[in-house]
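All remarks here apply to the structure that follows.
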Amino acid sequence: MKAEFEIELISYEKMETILPLVVLLNEGRFEYQILKERLDDMLSMGNYQCIGVYRENELLGICGFWLLNKLYAGKHLEPDNVYVKPEYRSKGIGNLMMQWLFDYAKQIGCEGLEVNCYAKNIKGKMFWESQGFNALGHHMIKKF
Numbered sequence: 000m001k002a003e004f005e006i007e008l009i010s011y012e013k014m015e016t017i018l019p020l021v022v023l024l025n026e027g028r029f030e031y032q033i034l035k036e037r038l039d040d041m042l043s044m045g046n047y048q049c050i051g052v053y054r055e056n057e058l059l060g061i062c063g064f065w066l067l068n069k070l071y072a073g074k075h076l077e078p079d080n081v082y083v084k085p086e087y088r089s090k091g092i093g094n095l096m097m098q099w100l101f102d103y104a105k106q107i108g109c110e111g112l113e114v115n116c117y118a119k120n121i122k123g124k125m126f127w128e129s130q131g132f133n134a135l136g137h138h139m140i141k142k143f
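Numbering-wise, the sequence shown is residues 0 to 143 according to numbering that gives the first Met the number 0.
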């Protein structure tokens, strides 16, 4: 019996397919072309990847992630740009993506995962806590 959802690592050649969902994630604050340029820059760094959750070849959810190594956290993955289409939320897709990431991180010798969540994203905070994440500090940004 075929699983309802399939998860796969998206190749760099197909990475642009995530951008329509990233536009939705950012509620249209950034034009597609700006996001494409940023994605191209991210991919050129070599440590950004993304998984996609599909149902009958339709991309339903994405979870980008960075492979990082920080003094306080050691080698770890950092999920980024996590999004599931609204009509597919609460169907286990977030859990599926996180289990994939947890397994992958262990496979490549990571010590754990670290995530940032927008301060006003209460549902997101609840999701991350349900996955075993604990608040360590405040993520802050200064734009020029």
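We put the beta carbon where it would ideally sit given N, CA and C, even for glycine.
Task: Cα-Cα separation between MET0 and GLY136, rounded to whole angstroms - done: Any reading at MET0 is ruled out, since the residue's pLDDT is 38, under 50, leaving its predicted position unreliable.
Task: GLY93, DSSP secondary structure in three states - done: helix
Task: Ranges of the beta strand (DSSP E) found wholly within the segment 43-89, counting only runs of at least 3 - done: For the segment 43-89, whole beta strand (DSSP E) runs of length 3 or above, ordered along the chain, are 47-54, 57-69 and 73-83.
Task: Distance between beta carbons of LYS84 and GLY63, contact taken as under 8 Å - done: 16 Å between Cβ atoms; not a contact.
TODO: Go to GLU113, then tell me how far its alpha helix (DSSP H) extends in each direction, as first and last residue.
DONE: Neither: GLU113 is in no alpha helix (DSSP H) and is coded neither H nor E.
Task: Spatial neighbours of CYS49 in its chain, beta-carbon cut-off 8 Å, leaving aside the 5 residues before and after - done: LEU8, ILE9, MET14, ILE17, ILE61, CYS62, GLY63, PHE64 and ASN80
Open item on the list: I need the DSSP call for ILE33, collapsed to helix, strand or coil.
Closed with: helix
Task: Three-state secondary structure assigned by DSSP to GLU3 - done: coil
- [ ] Would you list the residues sitting across from LEU8 in a DSSP beta bridge?
- [x] ILE50
Open item on the list: Quick check on TYR117: does DSSP put it in helix, strand or coil?
Closed with: coil
Task: Proximity of HIS75 and GLU30 at Cβ, strictly below 8 Å - done: no
Task: ALA104 in three-state terms, based on DSSP - done: helix
TODO: Quick one: give me the first and last residue of the alpha helix (DSSP H) that LEU18 is part of.
DONE: 18-24
- [ ] Measure the Cβ-Cβ separation of GLU110 and GLY51 and say whether it is below 8 Å.
- [x] no
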